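Numbering (my numbering), first residue to last: 1 to 240.
Worksheet for the structure shown next.
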Amino acid sequence: MRTYEPHAPPSASLAKGGNTANNNKSKSHLFAMFAYHSCRSHYVSGFTILETLIAFSVITAALLGPVALVTRSLYSAPFSKNKLVATNLAQEGIELIRAIRENNAICEQKGAPPSWKWDRDFDGGGKLHSGSNNLTIDPTVIVSQTCVSGAGGVTIANPTRGSLCGTRPILLDSSGRYNYVSGGTTTIFKRCVWVTQNATGSEDAVIPGSDIMTAISVVLWQEKNEAKSITISEKLYNWK
């Protein structure tokens, strides 16, 4: 049977009078291994901290942009909403004046009195561009006017108007409509409409100024102690 004798530790070799050179070599080898592992452990630990710092910096930089964008969006959201509402209210003012122009044109074609012209004021007298400046206009309260009486008569429905538009806020009723009917919730918006006539004539020198008028609609509101406004203007023509 073959037997194996276990290797003795360095101290045992010295006790047995082993080779001193070999013992020194073993000690050097052990010291080198210890030094290698010590340096390697220190290197790995330092690299991990550096890697963590870099990763943290990258993540922070990546989050700063979206966070700033969200913050700005939250700050700007109310203004964007108010601006959209104001723009729609201003455009509605133009459309209401256009509806009055259409009603006048229909009445004129159907045989209304000569005084009922295409630019007749929506209160039933005068002209739209004479004394109709800085007015409120309400599409939910309709005024019926008969422009052609008798058989086959024509009755038109025009929106009501009012004064003090700059100090009279628009109300919001329970149906979500903007008007001036009492009982609604007061909003931050005020709307003024007016009409001017192009007395100097058309810019294309083809249509006379008497057949052109400019409708203007302005919506005013206060936001964060700052005055805001939206203005829309449009030329309306005697198209008949």
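Beta carbons: idealized from backbone N, C-alpha and C, even for Gly.
All of these numbers come straight from a predicted model, not from anything done at the bench.
Option in THR136, ILE156, GLY93 with minimal Cα separation from ILE232: GLY93
Taking the straight line between their C-alpha atoms, what separation do you get for LEU163 and LEU135? For clarity, residue 163 is Ser in the given sequence; the question names Leu instead. Roughly 5 Å between the two C-alpha positions.
Give the DSSP-derived three-state secondary structure of ALA90 in the structure shown. Under the three-state reduction of DSSP, ALA90 is assigned to helix.
If you follow the beta strand (DSSP E) that PRO114 is part of, which residue opens it and which one closes it? Counting along the chain, PRO114 falls outside any beta strand (DSSP E), and DSSP gives it neither H nor E.
Between the region 79-90 and the region 184-199, do three or more beta carbon pairs fall short of 8 Å? Contact between the region 79-90 and the region 184-199 is established, with three or more Cβ pairs separated by less than 8 Å.
Suppose you measure from the CA of LYS110 to the CA of GLU223; what does that come to, to the nearest Å? 48 Å
Who pairs with CYS192 in a beta bridge, going by DSSP? VAL218
Are the region 206-223 and the region 179-186 in contact at 8 Å, needing three or more beta carbon pairs? no
Below 6 Å CB to CB, which residues in the same chain sit around ILE321 once its five sequence neighbours on both sides are set aside? Limits of the chain in this structure are 1 at one end and 240 at the other, which puts residue 321 out of reach.
What does the alpha-carbon distance come out to for the pair SER115 and ASP173? 37 Å
Can you tell me where the beta strand (DSSP E) with SER229 in it begins and where it stops? 226-237
Would you mind stating whether CYS107 and VAL143 have Cβ atoms separated by less than 8 Å? no
Quick one: what does DSSP say LEU164 is sitting in, helix, strand or coil? coil
Taking THR214 as the reference, give the member of GLY65, THR48, ARG101 with the closest Cα. ARG101
In whole angstroms, what separates the C-alpha of ASN104 from that of ARG120? 7 Å
For the beta strand (DSSP E) holding VAL148, just list the boundary residues, first then last. 136-148
Reducing DSSP to helix, strand and coil, say where THR155 ends up. Residue state, collapsed to three classes: strand.
Can you tell me whether TRP221 is buried or exposed, with buried defined as 16 or more other CB within 10 angstroms of its CB? When all chains shown are included, TRP221 counts as buried.
Given this structure, state the Cα-to-Cα distance separating LEU50 from ALA62, to the nearest angstrom. Looking at the two C-alpha atoms, the distance is approximately 18 Å.
For ASP138 versus THR160, is the C-beta spacing smaller than 8 Å? yes
To the nearest angstrom, how far is it from the Cα of ASN82 to the Cα of ILE216? Rounded to whole angstroms, ASN82 to ILE216 spans 20 Å at the Cα level.
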